Amino acid sequence: MPIGSCGTNEEHESMSAASEPAAPADGDLELAADQAIEACGGDPRETVKALLIAIDFLEAEANELRAAVSKGYSRGRHGAQRERKE
Numbered sequence: 425m426p427i428g429s430c431g432t433n434e435e436h437e438s439m440s441a442a443s444e445p446a447a448p449a450d451g452d453l454e455l456a457a458d459q460a461i462e463a464c465g466g467d468p469r470e471t472v473k474a475l476l477i478a479i480d481f482l483e484a485e486a487n488e489l490r491a492a493v494s495k496g497y498s499r500g501r502h503g504a505q506r507e508r509k510e
């Protein structure tokens, strides 16, 4: 039985749609922004710096995970790593 032959087309389509991140609601973004600013003492500049540090950490972690996953297992989906513009 070939890989991916189990399930209906609808199931396969819903699985790929489920793997896409859902866009957060506007109210959720506003609340998250307010919470981030509050966590940084109300200073928006410090908040931006903290978020940039968090992004760098998450990118490094994602790169480590990509390196740990075999190309065969992921079927080459993670391919070449994206370069970040600076």
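Count along the sequence shown starting at 1, add 424, and that's the number in our numbering. Cβ coordinates follow ideal geometry from the N, Cα and C atoms, glycine included. On a predicted model such as this, the values are computed, not experimentally measured, just so you know.
Grouping DSSP H, G and I as helix and E and B as strand, with all else coil, what is residue i?
i: D458; result: helix
i: A449; result: coil
i: G496; result: helix
Could you give the C-beta distance for residue i and residue j, rounded to a whole number, given that I count them as a contact under 8 angstroms?
i: T471; j: A484; result: With 8 angstroms as the limit, T471 and A484 do not qualify as a contact, their Cβ atoms being about 21 angstroms apart.
Would you give the residue range spanned by the alpha helix (DSSP H) that residue i belongs to?
i: V472; result: P468 to A492
Taking only beta-carbon positions, decide if residue i is within less than 8 angstroms of chain C.
i: A478; result: Here chain C cannot be found, since the structure has a single protein chain.
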